[in-house]
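I have placed the structure first, in the form of C-alpha cells, so that the comments after it can refer back to it.
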Amino acid sequence: MKSYVLAFAICFAVIDLSFALGKEDQEKCLRKNGLNNSTDVELMKAFVRSDGKNEFHLEREFSCVVACVIDERRTEDNVNTSTYQLLTDLISEAHNKIPDEQWRDMKTTLDKCHQQDEGDDCKLLYCVKILRDPFKELIVSFD
44 MKSYVLAFAI CFAVIDLSFA LGKEDQEKCL RKNGLNNSTD VELMKAFVRS DGKNEFHLER
104 EFSCVVACVI DERRTEDNVN TSTYQLLTDL ISEAHNKIPD EQWRDMKTTL DKCHQQDEGD
164 DCKLLYCVKI LRDPFKELIV SFD
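Mapping to the numbering used here: the sequence shown position 107 is 150, numbers consecutive.
Structure representation (C-alpha cells):
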C-alpha cells in the first residue's frame, strides 16, 4: 500500500513544490496535454496550491497532467494497478480518518466516475475533481 501512497505523494509534492524532481516526466506530461510554456506551469502550481477558482478552464488539462505523472511514476509493485484501484485503496485506508459521510460521498463519486471513464485516467481524475478537496486533501495529506 505504501507504493500507492508514494505514487500520489510524489506526484503532488513535485507538482506543488518545485517541479524540480522528475522534471523530464513533468515537462513531458505538460506538453502531452498542451501546456508547454512557463505561464502554464505557474498556473498549474497555483491551481494545486489553492482551489484554483480562476483557472477552472484549465482543470481538465491539469487533471490529465496528474494522470500522466501518475502513469510515469508507477513502480514495479503497482505497474498493473489501475488509478481507479489506487484511489479506491486510498479511500478505504482513510475511512477511519475522515467523516463517514465524506467517505461515502468520495467512494460514490469515484465509483460513478469510474463507470463513465472508459478506462481513461484523465477522464477519471477530471470527473472526481482530483485537484479539489476532498480528493486533493486525501492524496496530499495521506500518511
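C-beta: ideal position from N, C-alpha, C; glycine also.
- [ ] Answer yes if the region 135-148 comes into contact with the region 114-124, meaning at least three C-beta pairs across the two stretches below 8 angstroms, and no otherwise.
- [x] no
Open item on the list: Measuring straight from C-alpha to C-alpha, what distance separates T82 and N76?
Closed with: Counting from 1 along the sequence shown, the entry for residue 82 is found at position 39. Counting from 1 along the sequence shown, the entry for residue 76 is found at position 33. Answer to the nearest angstrom: the Cα atoms are 14 angstroms apart.
- [ ] May I have the straight-line CA-CA distance separating L130 from L153, to the nearest angstrom?
- [x] Here residue 130 refers to the residue found at position 87 of the sequence shown. Here residue 153 refers to the residue found at position 110 of the sequence shown. Answer to the nearest angstrom: the Cα atoms are 8 angstroms apart.
Task: Assigned secondary structure, T124 (DSSP; H/G/I helix, E/B strand, else coil) - done: The residue given as residue 124 occupies position 81 in the sequence shown. Three-state result, T124: coil.
Open item on the list: At the level of alpha carbons, what is the spacing between D132 and M149?
Closed with: Taking the sequence shown and counting its residues from 1, one reaches residue 132 at position 89. Taking the sequence shown and counting its residues from 1, one reaches residue 149 at position 106. One C-alpha to the other measures close to 12 angstroms.
- [ ] Look up L64 in the DSSP assignment and say whether it is helix, strand or coil.
- [x] Translated into positions along the sequence shown, residue 64 becomes position 21. Note that L64 scores 42 on pLDDT, short of 50, meaning its location in the model is unreliable; the coordinates nonetheless yield the value given after this. Of the three classes helix, strand and coil, the one that applies to L64 here is coil, per DSSP.
Task: Buried/exposed call for Q158, threshold 16 Cβ in 10 Å - done: Position 115 of the sequence shown holds residue 158. Result: exposed.
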